[in-house]
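Residue numbering for the sequence shown follows the numbering used here, beginning at 46 and increasing consecutively.
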Amino acid sequence: MMKGQRMNTNRGLWSYLGVVVVRRLGGVIRGLGLLALVGCSLVDPASESAEVSAPPAIPLWEPAEWRSSATPLMIQVCVDFSDGYPAEYREHALGLVADGVEALAAPGGGAGTVFVAMMSANSFPDSNLIGVFELRPVAPAEEPPATLTVPPTATSGLIDPQGKREAERLATAEALAVDAANAANATAFAAAQSTHQAVAGAELARAREFGEMLRAFRPRLSVAARATLDALGCISRAAERMAEYEGRKLLIIASDLDGTGEQQVSPNLDLSGVRVRVIDLPSDNAGQADGWYFRTQHWLRQFGNAGTQDVEFYDPAASQLLTLADLLPPDVGLQVTGEGR
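In structure tokens form, the structure reads like this:
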């Protein structure tokens, strides 16, 4: 009987221990579950759901889209080569035009065409042309592209190791992409700058060649060709060239305007919209004190009848202070439109 009682007592002990173990295991499991919930609440939700992605695309620098905003310009120059006109005056006039063409051919200059012609006894034919120069606009040089930088990446708020590693990986990838973009921009800018310098240099070389030709021009005219001056012949031919031209128009005359020979005037001489500038006009006329006044008033009427009131006269002293830019109509020049990226 005592032996059976001991057996019952053992079963009760094992039952009791089982209950205790189960209860303690249950507590541990509940504790682990609570810790899991707390851990989830501390992790950045965005980092949990973050997917592996590439850094954003970086736009590369490109040359600016450029075109001239200036209205095209036509310049007609008539230079007196008659015996009655001092050689130093015509040489100064040709030098003024040569310097001006070189200035207009530089980057940022204007666009258009320059005709330079002789005035002599027969000034109307195109055989009097000394030269024609086409002004091709060249854009100003661009500024170098700005250096790209990577904004700082905030990872201090990320507790989840995987999210933090992903953010650091993306920051590293973006830094590499920015470095590559800066290198590509530098290469593209260097190529654009090289091309621009080549184009600008070629245009300036053309202008200098034209200018040197004007400065050195010494025609061998016959005695008959130099004896008289057909002033209206050169003016009429210039007006015909400008008649169909859509743009700004400038007529430069270097002469004493003392038309002693036959004047070949066009029956429909039209200088509407033309700016006329007479330079190196001698201030005396065969010893007459009123020579300047009478000549300028006569030609003001001539030009007015042809449709223009925009006329100015400069004696040799005033002409020495001029440049071609002082004679040009307004709105000469170029502007850059658009921006390099």
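The beta carbon of each residue, even a glycine, is placed where N, CA and C say it ideally should be.
Check                                                                                                                                                              : Outcome
Relative to the C-alpha of Leu369, which candidate in Val146, Met119, Pro327 has its C-alpha closest?                                                              : Val146
Check for me: the beta strand (DSSP E) holding Glu179 runs from which residue to which?                                                                            : 174–180
For the alpha helix (DSSP H) that Arg293 lies in, which residues bound it at each end?                                                                             : Run containing Arg293: none in the alpha helix (DSSP H); it sits in the beta strand (DSSP E), 293–299.
Measuring CB to CB, does Leu274 end up less than 8 Å from Asp125?                                                                                                  : yes
Check the C-beta distance from Leu141 over to Leu367 and give it rounded, since I have them as a contact under 8 Å.                                                : 6 Å
Does the beta-carbon of Tyr338 have 16 or more other beta-carbons within 10 angstroms, so that it is buried, or is it exposed?                                     : exposed
Do three or more CB pairs link the region 342–362 to the region 152–162 at distances below 8 Å?                                                                    : no
Which whole-angstrom value describes the C-beta separation of Ile120 and Leu295, a residue pair presumed to lie in contact below a C-beta threshold of 8 Å?        : 5 Å
What does DSSP give as the partner residues of Glu357 in its beta bridges?                                                                                         : Arg322
Can you give the Cα-Cα distance for Leu302 and Asp335, rounded to whole angstroms?                                                                                 : 15 Å
Find out if the Cβ-Cβ distance for the pair Phe178, Phe255 is shorter than 8 Å.                                                                                    : yes
Can you tell me whether DSSP reads Asp125 as helix, strand or coil?                                                                                                : strand
Are the region 180–200 and the region 238–251 in contact at 8 Å, needing three or more beta carbon pairs?                                                          : yes
Determine the extent of the alpha helix (DSSP H) in which Thr341 is found, giving its start and end residues.                                                      : 336–350
Quick one: what's Gly157 bridged to in DSSP?                                                                                                                       : Leu118, Leu180
Is it right to say Leu316 is buried, meaning 16 or more other beta carbons lie within 10 angstroms of its own, or is it exposed?                                   : buried
Express the C-alpha separation of Ala272 and Ala166 in angstroms, rounding to a whole number.                                                                      : 7 Å
Name the residue from Gln365, Ala151, Cys123, Pro108 whose alpha carbon lies nearest to the alpha carbon of Ala252.                                                : Ala151
Take the Cβ of Pro190 as the centre, count every other Cβ of all protein chains shown within 10 Å, and call the residue buried at 16 or more, exposed below.       : buried
When we look at the beta-carbon of Glu248 and count the other beta-carbons within 10 Å, is it buried (16 or more) or exposed?                                      : buried
Taking Gly145 as part of the alpha helix (DSSP H), name the residues at either end of that continuous run.                                                         : 132–150
Cβ atoms of Ala143 and Asp325: under 8 Å apart, would you say?                                                                                                     : no
Near Val356, what residues of its chain come up, given a Cβ to Cβ distance below 7 Å and the 5 sequence neighbours on each side ignored?                           : Val321, Leu345, Phe348
Output needed for Ala283: all residues of its chain with C-beta closer than 6 Å, excluding positions within five of it in sequence on either side, in chain order. : Gln121, Leu296
Can you find the residues in the same chain that come closer than 6 Å, C-beta to C-beta, to Leu193, ignoring five residues on each side of it along the sequence?  : Val223, Ala226, Asn227
State the DSSP-derived secondary structure class of Ala30, mapped to helix, strand or coil.                                                                        : Absent from the structure is residue 30, since the part of the chain shown begins at 46 and ends at 386.
Taking all protein chains shown into account, decide if Thr353 is buried (16 or more other Cβ within 10 angstroms of its Cβ) or exposed.                           : buried
Which of the three DSSP states, helix, strand or coil, is assigned to Ala362?                                                                                      : helix
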